[in-house]
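Colleague:
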Amino acid sequence: MVAPLGSTARTQLRRGAELAADDVAELYALLDEGLLAHVGIADARQPFVLPCAYARDGERLLLHGSSGSRLFRALAAGMPACVTVTLLDGLVYARSVFHSSMNYRSAMLFGRASGVPDEDKESALRTIADHLMPGRWPEARPPSRKELAATLVVALSLDEASVKISRGLPDEAPEDAGWPAWAGVVPLRLVAGSPQSADPGPPPPCVLAARPT
Ligand SMILES: Cc1cc2nc3c(=O)[nH]c(=O)nc-3n(C[C@H](O)[C@H](O)[C@H](O)COP(=O)(O)OP(=O)(O)OC[C@H]3O[C@@H](n4cnc5c(N)ncnc54)[C@H](O)[C@@H]3O)c2cc1C
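In my numbering, the protein residues as written are 60 to 272.
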């Protein structure tokens, strides 16, 4: 079982503390729904934040990248990292510009990743593939030894995490109640479009069922 959300000094929400989720199940659900993480590291000169695919594997997050990637070499070497995953759920139209905002679920993870050992690499890559493209792994060509050698897979524990969730209608100032502007929420979600085939013939069922829907 991972540590409770927000249980360290740096994962305690200060701003908007009432939006903090305290149930680890919310973290798991968010990570299982998302596809894209932003991974931040800092060297002596400056921070870098890079978008990456990921998958949750129980109580850890798996990330994969080129063995030549600065980011992945740093992560595998245990450089401190901060990872965020954000699901954008809506545009919140308040009557004032000031109170207009977004609905979202977002997670922030802190820690030092470690490299997944060679003998576990293929199964970790399968976990990532199963998250991004469920059902695809048995159909696709498996990674070659050379491809595995060219890939770094790192794991980050979910032990130090926070989740912030903003949902619902605009939180307006009482004096804005009479302002003659529409107020409400426009829900947003990521949807899969129609598959575009590279070959003749229909896509297989796992592609037709592609998430997100
Ligand atoms: C889609 C989206 C859009 C946003 N747009 C804005 C914006 O335009 N302006 C703005 O001020 N804020 C925005 N936020 C909120 C923003 O992410 C911060 O929560 C907020 O700015 C407070 O920052 P802080 O450093 O004062 O947080 P603090 O409360 O001081 O942060 C302390 C700790 O709380 C946790 N935490 C803080 N924010 C988050 C988060 N979003 N998700 C998970 N854990 C968190 C982290 O562990 C962090 O280390 C947005 C959030 C999302 C997800």
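C-beta atoms are modelled at their ideal positions from N, C-alpha and C, and glycine is treated no differently. Just so we're clear, the structure is a prediction, and the values are computed from it rather than from any experiment.
Thinking C-alpha only, which one of S256, A257, P254 and L78 is nearest Y163?
Modeller: When each option's Cα is compared against that of Y163, the closest is L78.
Colleague: Taking the C-alpha atoms as reference points, what is the distance between L33 and S66?
Modeller: Beyond the ends of the chain as shown, which are 60 and 272, falls residue 33; an answer cannot be given.
Colleague: List, from N- to C-terminal side, the beta strand (DSSP E) runs of 3 residues or more that fit wholly inside the stretch 205 to 243.
Modeller: Qualifying beta strand (DSSP E) stretches, in chain order: 210 to 216 and 220 to 225.
Colleague: Measuring alpha carbon to alpha carbon, tell me which of L64, R74 and L89 ends up nearest H190.
Modeller: The option with the nearest alpha carbon to H190 is L89.
Colleague: Going by DSSP, what residues sit across from G149 in a beta bridge?
Modeller: According to DSSP, which records beta bridges pairwise, G149 is partnered with N162 and P246.
Colleague: According to DSSP, is R104 helix, strand or coil?
Modeller: Coil, per DSSP.
Colleague: If we count the other Cβ atoms within 10 Å of its Cβ and call it buried at 16 or more, is R119 buried or exposed?
Modeller: R119 comes out buried.
Colleague: Per DSSP, what are the beta-bridge partners of L95 in this structure?
Modeller: DSSP, once it has assigned bridges, lists A112 as partnering L95.
Colleague: How would you write the range of the alpha helix (DSSP H) that R129 sits in, first residue to last?
Modeller: From DSSP, the alpha helix (DSSP H) with R129 extends over R129 to A135.
Colleague: Residues in the same chain with beta-carbon distance under 8 Å from T70, minus the five sequence neighbours each way, listed in chain order, please.
Modeller: The residues are L64, M167, F169, E219, A220 and S221.
Colleague: Please classify V175: does DSSP put it in a helix, a strand, or coil?
Modeller: DSSP places V175 in coil when its eight states are reduced to three.
Colleague: DSSP three-state call for P139: helix, strand or coil?
Modeller: Looking at P139 - three-state DSSP - the assignment turns out to be strand.
Colleague: Using the Cα positions of E178 and L184, report the straight-line distance between them to the nearest angstrom.
Modeller: Distance between the alpha carbons of E178 and L184 is about 11 Å.
Colleague: Could you please give me the residues that DSSP links to R119 through a beta bridge?
Modeller: Beta-bridge pairing links R119 to D116 and S216.
Colleague: Taking only the alpha-carbon atoms, compute the straight-line gap between R154 and L147 and give it to the nearest angstrom.
Modeller: Approximately 21 Å, taken between the alpha carbons.
Colleague: Taking the continuous alpha helix (DSSP H) assigned at K266, which residues delimit it?
Modeller: It is Val, not Lys, that sits at residue 266 in the sequence shown. Where V266 is concerned, the enclosing alpha helix (DSSP H) stretches over P264 to L267.
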